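Protein chains in written order, with this note's numbering: chain A, 1 to 329; chain B, 330 to 658.
Only one structure is covered here, and it is reproduced in the block below.
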């Protein structure tokens, strides 16, 4: 009989709950719409109901090691307070962990969702043969997570890993964080769409203009990627900017931290072909590393001290697996 | 009877050797001119002779814990090879550690000089009450060192901490590392002088022009600082650029690593008054931290989770103490 853990990934649109055993085998997975608009108490209620249901269902099948929950926000690890939560209005400064624990009657581990995704990729994904890695999750925003020697690096008050808010253009686009030119302003899905609208406004991107009109509110980073694949120069330029921004930030991380692996996940990472060449050019030109490989093919065969820059392997499940791993560390 | 260690700091102009006991008390200190121009073998000979002399002198007074040596270059920690050494021509790709060990007949610990300085400040300087810190050494170049939980963070192959080569201006001044716009191009003594010459060339810096003519080859970052103190606007602007570059890089480190302390040492740090205000403005505007203090005054009284940005306390001895600490970790 295996032991298992419950992992929760709370997103802006989905609430997903899983049971994963100690070997990383997915035992159960449930997806609920989050209905964030119904408010914090409603969402926490849905979550705790679903956790209880899963726990009851698996009772007797193995030892429950604990419950890990990934949430989109900055968490004070000491208090379990959500400090900032741009995608969950009304959750800031709320004692999320304490409230969940009260309702479940058991301790839980609360973690930033991008940190959980980094841990998931370390455990079962691209980083499964590495001790340490740095992961970027390119979604609505740009999340980051650092795993050092198998554990999430939290820093002084749990705010480490906010790689989306490291600077690539000091006088660049204003960022929601109060800064300017953060990588989130160049490498998120939101940024891709903004850059597309900027290109359209410049009058030099007729195909993007047509696509924006055709798709209307469905015009997204995926549409821009499709145009780039079809050879549209303005769309390709946008993904070159994505690659350049990521290349600069990864250079900074390489020169500062010299980690063996940098993993790129999240929705925008599916446009890897369109941004990776520029990313690697930047890293080769700017960083101190001697060789870069871009697997998956060479993941297990790369020389021991090679720096690897690669796509994530677990897709949207990275955070779910990472959350489940938290109580098993 | 105390135990002690021998610490060596090899610079471009000085070779310094110390004996330090386990409590951080300096027992002996010798400074030799390095005479780098006489070549690698000569310098290593001087160093090993001086180490032997010191070891013999202290024989019988305590247990020698080991020998730590800080050198200006990137070291492969596995092999003890010097990978890059801009200030020591002819030392690159040389098995420095093996050669020193052969001549002394005993193991030594070789370390990057900026890493050693960071460890010194952690042990006996600004960071003595912190577990982790990030240190910048502003000299001819900009060195960096990361101490996590009391130990130097080396990364995958000993190249971590090259903070001087993280990017602040993607299209900025070309850097010796092959990149562009590295912080070293804006916050080193060399950069201050270059920016002064740029200001002079623009025709808008008459006082700097006069000073450059008066001091000729002695025109350095200290002269520019003196002018800034006297209210010369172009000189003040140069130090604002220093502060801005450091502010951006420290923001990146805060958002990525969330360390409790950022320490600034090296010769240029004596111009703290001229660059610190801009540095702190940048950090406040861009980073996720909630409060910054700038001691020394509050070093021991800062609230536990405050982020501290401060000057180094040990001056040029930081690297010497740090090198001595290496065998005592």
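A virtual CB, placed ideally from N, CA and C, is assigned to each residue, including glycine.
All values reported here derive from a predicted model rather than from experimental measurement.
Residue of the options minimising C-alpha distance to residue i
{"i": "residue 559 of chain B", "options": "B:533, B:519, B:600", "result": "B:600"}
{"i": "residue 384 of chain B", "options": "B:395, B:592, B:555", "result": "B:395"}
{"i": "residue 647 of chain B", "options": "B:639, B:594, B:476", "result": "B:594"}
{"i": "residue 169 of chain A", "options": "A:199, A:249, A:152", "result": "A:249"}
{"i": "residue 420 of chain B", "options": "B:617, B:369, B:561", "result": "B:369"}
{"i": "residue 324 of chain A", "options": "A:89, A:115, A:99", "result": "A:115"}
{"i": "residue 494 of chain B", "options": "B:514, B:480, B:478", "result": "B:514"}
{"i": "residue 195 of chain A", "options": "A:220, A:176, A:216, A:328", "result": "A:220"}
{"i": "residue 151 of chain A", "options": "A:119, A:175, A:140", "result": "A:119"}
{"i": "residue 187 of chain A", "options": "A:274, A:86, A:62, A:14", "result": "A:274"}
{"i": "residue 469 of chain B", "options": "B:389, B:341, B:519", "result": "B:519"}
{"i": "residue 183 of chain A", "options": "A:279, A:217, A:80", "result": "A:279"}
{"i": "residue 366 of chain B", "options": "B:342, B:354, B:353, B:382", "result": "B:342"}
{"i": "residue 606 of chain B", "options": "B:331, B:566, B:526", "result": "B:566"}
Same chain, Cβ closer than 6 Å to residue i, neighbours up to 5 away in sequence not counted
{"i": "residue 423 of chain B", "result": "411"}
{"i": "residue 103 of chain A", "result": "48"}
{"i": "residue 297 of chain A", "result": "The predicted position of residue 297 of chain A is uncertain, since its pLDDT is 40 and thus under 50; no value can be drawn from it."}
{"i": "residue 320 of chain A", "result": "7, 9, 16, 18"}
{"i": "residue 613 of chain B", "result": "none"}
{"i": "residue 232 of chain A", "result": "207"}
{"i": "residue 628 of chain B", "result": "Legend: pLDDT at residue 628 of chain B = 43, less than 50; position of this residue unreliable, value from coordinates given subsequently. The answer is none, since no qualifying residue turns up."}
Residues near residue i by beta carbon distance below 8 Å, same chain, minus five either side
{"i": "residue 260 of chain A", "result": "130, 131, 132, 133, 305, 306, 307, 308"}
{"i": "residue 58 of chain A", "result": "4, 19, 27, 28, 64"}
{"i": "residue 44 of chain A", "result": "96, 99, 100, 103"}
{"i": "residue 371 of chain B", "result": "364"}
{"i": "residue 407 of chain B", "result": "486, 487"}
Beta-carbon spacing of residue i, residue j below 8 Å
{"i": "residue 69 of chain A", "j": "residue 8 of chain A", "result": "yes"}
{"i": "residue 255 of chain A", "j": "residue 611 of chain B", "result": "no"}
{"i": "residue 507 of chain B", "j": "residue 286 of chain A", "result": "yes"}
{"i": "residue 224 of chain A", "j": "residue 208 of chain A", "result": "yes"}
{"i": "residue 143 of chain A", "j": "residue 313 of chain A", "result": "no"}
{"i": "residue 556 of chain B", "j": "residue 564 of chain B", "result": "yes"}
{"i": "residue 417 of chain B", "j": "residue 401 of chain B", "result": "yes"}
{"i": "residue 253 of chain A", "j": "residue 262 of chain A", "result": "yes"}
{"i": "residue 258 of chain A", "j": "residue 486 of chain B", "result": "yes"}
{"i": "residue 452 of chain B", "j": "residue 651 of chain B", "result": "yes"}
{"i": "residue 404 of chain B", "j": "residue 440 of chain B", "result": "yes"}
{"i": "residue 415 of chain B", "j": "residue 505 of chain B", "result": "yes"}
{"i": "residue 496 of chain B", "j": "residue 251 of chain A", "result": "yes"}
{"i": "residue 331 of chain B", "j": "residue 389 of chain B", "result": "no"}
Contacting residues, own chain, Cβ-Cβ under 7 Å from residue i (five flanking each side not counted)
{"i": "residue 489 of chain B", "result": "475, 482, 483"}
{"i": "residue 500 of chain B", "result": "509, 510"}
{"i": "residue 657 of chain B", "result": "334, 351, 394"}
{"i": "residue 570 of chain B", "result": "515, 524"}
{"i": "residue 534 of chain B", "result": "528, 563"}
{"i": "residue 50 of chain A", "result": "17, 30, 32"}
{"i": "residue 80 of chain A", "result": "95, 96, 97, 98, 110"}
{"i": "residue 540 of chain B", "result": "548, 552, 556"}
{"i": "residue 477 of chain B", "result": "461"}
Residues bridged to residue i (per DSSP)
{"i": "residue 477 of chain B", "result": "B:480"}
{"i": "residue 5 of chain A", "result": "A:20"}
{"i": "residue 174 of chain A", "result": "A:180"}
{"i": "residue 638 of chain B", "result": "B:591"}
{"i": "residue 431 of chain B", "result": "The partner list for residue 431 of chain B (beta bridge, DSSP) is empty, contrary to what the question assumes."}
{"i": "residue 300 of chain B", "result": "Because chain B is modelled from 330 through 658, residue 300 of chain B falls outside the range shown and cannot be assessed."}
{"i": "residue 465 of chain B", "result": "B:473, B:593"}
{"i": "residue 84 of chain A", "result": "A:74"}
{"i": "residue 64 of chain A", "result": "A:4"}
{"i": "residue 167 of chain A", "result": "A:182"}
{"i": "residue 69 of chain A", "result": "A:8, A:110"}
C-beta neighbour in chain E for residue i, strict 8 Å
{"i": "residue 59 of chain A", "result": "In the structure shown, chain E does not exist; the protein chains are A and B."}
Chain B contacts from the stretch 129-146 of chain A (Cβ-Cβ distance under 8 Å): 132, 144, 146
Quick one: which residues of the stretch 530-548 of chain B get their C-beta closer than 7 Å to a C-beta of chain A? List them in chain order. Result list empty, no residue passes.
With 9 Å as the C-beta to C-beta threshold (strictly closer), list the residues of the stretch 474-490 of chain B near chain A in chain order. 475, 477, 482, 483, 484, 485, 486, 487, 488, 489, 490
Please list, in chain order, the residues of the stretch 66-78 of chain A that have any C-beta partner in chain B closer than 9 Å. 74, 76, 78
Name, going along the chain, the residues of the stretch 251-281 of chain A whose beta-carbon falls closer than 8 Å to a beta-carbon of chain B. Listed by position along the chain: 251, 252, 253, 255, 256, 257, 258, 259, 260.
Check each residue of the stretch 226-252 of chain A: if its Cβ is closer than 8 Å to any Cβ of chain B, include it; give the result in chain order. Residues of the stretch 226-252 of chain A whose Cβ lies closer than 8 Å to any Cβ of chain B, in chain order: 244, 248, 251, 252.
Where the stretch 488-508 of chain B meets chain A: residues whose CB sits under 8 Å from a CB there: 488, 489, 490, 491, 492, 494, 495, 496, 497, 498, 499, 506, 507, 508
Can you pull out the residues from the stretch 342-369 of chain B whose beta carbon lies closer than 7 Å to at least one beta carbon of chain A? none
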